[in-house]
Amino acid sequence: MKIEAALNGTARADDGLADLRIRDEDGQEHQLDFPIGELVRRCGVPSPVALDLLITASLCYITDKTVPRRPAFDRWTRNLDLSLPVSEPDRWTPVADALSQTLSFLTGDVWHLHFYQTPHALFERPTQRPLPEIAPIDAVALFSGGLDSLAGAIDLLAGDGAQKVLLIGHYDSPGPRKVQAELGLKLQEQYPGRVEIMHVRVAHRPAKAAEDTLRSRSLAFLALELYAAQALGSDIPLHMFENGMIALNIPLTPSRSGSCSTRTMHPYYLEQMSSVISRLGISNGILNPYGLKTKGECLVGCADVDFLSRLADQSVSCSHGSRRQNWVRKSADNCGYCVPCMFRRAAMHRAGLDHGEQYGIDVLAGELAITDAFESADDLRAMSDFLRHPLTPAHLRKKILSIARFSGLDDHVDLARRGFAEVKTWLGSGAETQGLRGASEHA
Numbered sequence: 000m001k002i003e004a005a006l007n008g009t010a011r012a013d014d015g016l017a018d019l020r021i022r023d024e025d026g027q028e029h030q031l032d033f034p035i036g037e038l039v040r041r042c043g044v045p046s047p048v049a050l051d052l053l054i055t056a057s058l059c060y061i062t063d064k065t066v067p068r069r070p071a072f073d074r075w076t077r078n079l080d081l082s083l084p085v086s087e088p089d090r091w092t093p094v095a096d097a098l099s100q101t102l103s104f105l106t107g108d109v110w111h112l113h114f115y116q117t118p119h120a121l122f123e124r125p126t127q128r129p130l131p132e133i134a135p136i137d138a139v140a141l142f143s144g145g146l147d148s149l150a151g152a153i154d155l156l157a158g159d160g161a162q163k164v165l166l167i168g169h170y171d172s173p174g175p176r177k178v179q180a181e182l183g184l185k186l187q188e189q190y191p192g193r194v195e196i197m198h199v200r201v202a203h204r205p206a207k208a209a210e211d212t213l214r215s216r217s218l219a220f221l222a223l224e225l226y227a228a229q230a231l232g233s234d235i236p237l238h239m240f241e242n243g244m245i246a247l248n249i250p251l252t253p254s255r256s257g258s259c260s261t262r263t264m265h266p267y268y269l270e271q272m273s274s275v276i277s278r279l280g281i282s283n284g285i286l287n288p289y290g291l292k293t294k295g296e297c298l299v300g301c302a303d304v305d306f307l308s309r310l311a312d313q314s315v316s317c318s319h320g321s322r323r324q325n326w327v328r329k330s331a332d333n334c335g336y337c338v339p340c341m342f343r344r345a346a347m348h349r350a351g352l353d354h355g356e357q358y359g360i361d362v363l364a365g366e367l368a369i370t371d372a373f374e375s376a377d378d379l380r381a382m383s384d385f386l387r388h389p390l391t392p393a394h395l396r397k398k399i400l401s402i403a404r405f406s407g408l409d410d411h412v413d414l415a416r417r418g419f420a421e422v423k424t425w426l427g428s429g430a431e432t433q434g435l436r437g438a439s440e441h442a
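Right, here's the structure in full:
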């Protein structure tokens, strides 16, 4: 499908961002809904290429959300041919293929990106507004409201008394912002004068989305952070904290292979994006300090475990948060049975913090069984079946390579062994209830 991203004449929002829209070959049109004003007030305007990247990522994100997968030949893989306005096409054209391939890996589609000279500036600072006063920052970090991003923020703040950190949260619905704000306030109380949190919405109008798979959102995350880091200084690193097991997201069954499993922080994706931004001339580094740690290792190794333990239950790691109809505790924030929740509970168990009543369903208390026929048990069945096979290095290597080849493979094989061992230990604590003895006992 051919899609054009274009400026709507010279129209602009009050904050100075051009009126940007995507239009497909059937005439369907969506407007980028991106209030950039707060980002500019805090961070200023970075180089044109960082702004180009932010706009490009945002337009790719709303394309991902608004083009349905159902009409595709396999009801998943779309062919997306997208033309994008940028301020410096000569800089972008050489990386078009690499960025297209990276997006294809991320979303499971076939992307073809093309860049053309924008007829008008993508952003113009309103003349009536004063220039922002940019306060110094030592590090920029993605703050999703999840357990890893919370532990990562604490590591940055507790590890060095001089560190000043800007936490950036992305949202396109109210839920994530609420969690980010509540946790951010606790961090500010614990580390006064050293934490700033910014919530940035990247969405579209009309707001109804054809897709909720959202595979490209990590590109929006990265571009937001990079905008801020580059504006604050070319040596400011951007941190994206995610434990290595979730980053790898090894397919537990053949049906979960390919991009049916998310690749938000996969090491191959980060390698490719690091190469792209380097070729664009952006020197800010992308760091995932948790890339070779299990979730349990992130928790027990946190620079302030006591403080983390007090906030952990308020974080959200769940991928099924909207499917509450079968939950025992519908007021919970995490379902307790999706793959991210199982890794979360295993990590909390290792840290001595696991409490099943904090979840919508406690799988260790018999509230969901692998023999249950409904969809809620699919992830539990998949994890159980995967763990019943001996997790040898050769087996894990094959599973990892089924996704992509990247540097540091041996280290990631060992990471996978340790990560699944955490889950086995946690499941073993409820083996009698769940009939999971085989899964917990295999090496």
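In numbering that gives the first Met the number 0, the protein residues as written are 0 to 442.
Idealized CB from N, CA, C, for every residue including glycine.
Model, not experiment: these values are computed from the prediction.
May I have the straight-line CA-CA distance separating residue i from residue j, to the nearest angstrom?
i: Trp-91; j: Lys-177; result: 36 Å
i: Ala-134; j: Lys-329; result: 42 Å
i: Pro-34; j: Asp-171; result: 11 Å
i: Asp-105; j: Ala-403; result: Looking at the sequence itself, residue 105 is Leu, so the reference to Asp does not match. The straight-line gap from Cα to Cα measures roughly 11 Å.
i: Gly-300; j: Thr-293; result: 10 Å
i: Ser-282; j: Pro-70; result: 40 Å
i: Asn-7; j: Gln-179; result: 33 Å
i: Gly-437; j: Ala-209; result: Caution is warranted here: a pLDDT of 39 is assigned to Gly-437, below 50, making its placement in the model unreliable, and the coordinate value is therefore given only provisionally. Roughly 41 Å separates the two Cα atoms.
i: Ser-314; j: Asp-89; result: 43 Å
i: His-319; j: Leu-379; result: 13 Å
i: Ser-439; j: Leu-426; result: Any reading at Ser-439 needs caution, since the residue's pLDDT is 44, under 50, leaving its predicted position unreliable; the model's value is listed next. Approximately 6 Å, taken between the alpha carbons.
i: Phe-306; j: Val-422; result: 24 Å
i: Ile-235; j: Ile-369; result: 47 Å
i: Ile-285; j: Pro-84; result: 25 Å
i: Leu-184; j: His-388; result: 44 Å
i: Leu-435; j: Ala-345; result: Its pLDDT being 43, under 50, Leu-435 is placed unreliably in this model, and the coordinates cannot settle the point.
i: Asp-371; j: Ser-99; result: 41 Å
i: Pro-93; j: Ala-350; result: 47 Å
i: Gly-335; j: Ala-161; result: 37 Å
i: Leu-221; j: Arg-77; result: 23 Å
i: Asp-96; j: Leu-279; result: 13 Å
i: His-198; j: Ala-393; result: 43 Å
i: Val-109; j: Leu-395; result: 28 Å
i: Pro-191; j: Ile-21; result: 42 Å
i: Ser-143; j: His-169; result: 7 Å
i: Ala-442; j: Arg-417; result: A caution first: Ala-442 carries a pLDDT of 33, below 50, which makes its placement in the model too unreliable to give a value.
i: Asp-186; j: Thr-126; result: A small correction: the amino acid at residue 186 is Leu; Asp does not occupy that position in the sequence shown. Roughly 35 Å separates the two Cα atoms.
Please return the same chain residues whose Cβ sits closer than 7 Å to the Cβ of residue i, not counting the five positions on each side in sequence.
i: Thr-9; result: His-119
i: Ala-484; result: The structure shown does not extend to residue 484, since the chain is modelled only from 0 to 442, so the question has no answer here.
i: Ile-249; result: Lys-398, Ile-399, Ala-415
i: Gln-189; result: Phe-306
Are residue i and residue j closer than 8 Å when you measure CB to CB?
i: Tyr-60; j: Ser-215; result: yes
i: Ala-140; j: His-29; result: no
i: Leu-146; j: Ser-321; result: no
i: Leu-19; j: Leu-31; result: yes
i: Phe-385; j: Met-244; result: no
i: Leu-444; j: Ile-153; result: The shown model of the chain, from 0 to 442, leaves out residue 444, and the question about it has no answer.
i: Ile-54; j: Leu-121; result: yes
i: Gly-355; j: Leu-367; result: no
i: Val-382; j: Val-338; result: Here the sequence assigns Met to residue 382, which means Val is not the residue at that position. Yes, these two residues count as a Cβ contact at 8 Å.
i: Pro-43; j: Trp-75; result: Correcting the residue identity first, residue 43 is Gly in this sequence and not Pro. Not closer than 8 Å, so no.
i: Val-194; j: Leu-149; result: no
i: Thr-101; j: Val-275; result: yes
i: Lys-207; j: Asp-80; result: no
i: Pro-47; j: Ser-82; result: no
i: Asn-287; j: Glu-241; result: yes
i: Pro-45; j: Tyr-226; result: yes
i: Ala-4; j: Leu-38; result: no
i: Ala-302; j: Gly-429; result: no
With DSSP as the reference, identify every bridge partner of residue i, one or two as the case may be.
i: Val-44; result: Paired residues: none, contrary to the question.
i: Val-164; result: Ala-138, Val-194
i: Ile-21; result: Ala-4, His-29
i: Asp-371; result: Note: Asp-371 sits in no beta bridge, so no partner.
i: Asn-333; result: Tyr-358
i: Phe-385; result: DSSP lists no partner for Phe-385.
i: Gln-116; result: Val-85
In its own chain, which residues sit with a C-beta less than 8 Å from the C-beta of residue i, not counting the 5 before and 5 after it?
i: Ala-331; result: Gln-357, Tyr-358, Gly-359
i: Asn-333; result: Val-315, Ser-316, Cys-317, Gly-320, Cys-340, Arg-343, Gln-357, Tyr-358, Gly-359
i: Gln-27; result: Thr-65
i: Tyr-267; result: Phe-104, Ile-402, Ala-403, Arg-404, Phe-405
For residue i, which residues in the same chain have their Cβ closer than 6 Å to its Cβ, ignoring the five residues on either side in sequence?
i: Met-347; result: Asp-353
i: Thr-263; result: Ser-217
i: Thr-252; result: Ala-381
i: Glu-228; result: The sequence shown places Ala at residue 228, rather than the Glu named in the question. Result list for Ala-228: Val-139, Ile-235, Leu-237, Asn-283, in chain order.
i: Arg-124; result: Gly-15
i: Phe-419; result: Leu-390
For residue i, verify whether its CB is less than 7 Å away from any heavy atom of the ligand GDP.
i: Pro-175; result: Only the bare structure without any ligand can be found here, which leaves the ligand GDP out of the picture.
- [ ] Within the region 171 to 218, note down every full alpha helix (DSSP H) run reaching 4 residues or more, in order along the chain.
- [x] 173 to 189
What are the uninterrupted segments assigned as alpha helix (DSSP H) that are 4 or more residues long and contained completely in the region 262 to 300, given in chain order? 266 to 278, 294 to 299
Could I get the ranges of all uninterrupted alpha helix (DSSP H) runs contained in the region 393 to 433, with 4 residues as the minimum, in chain order? 408 to 427, 430 to 433
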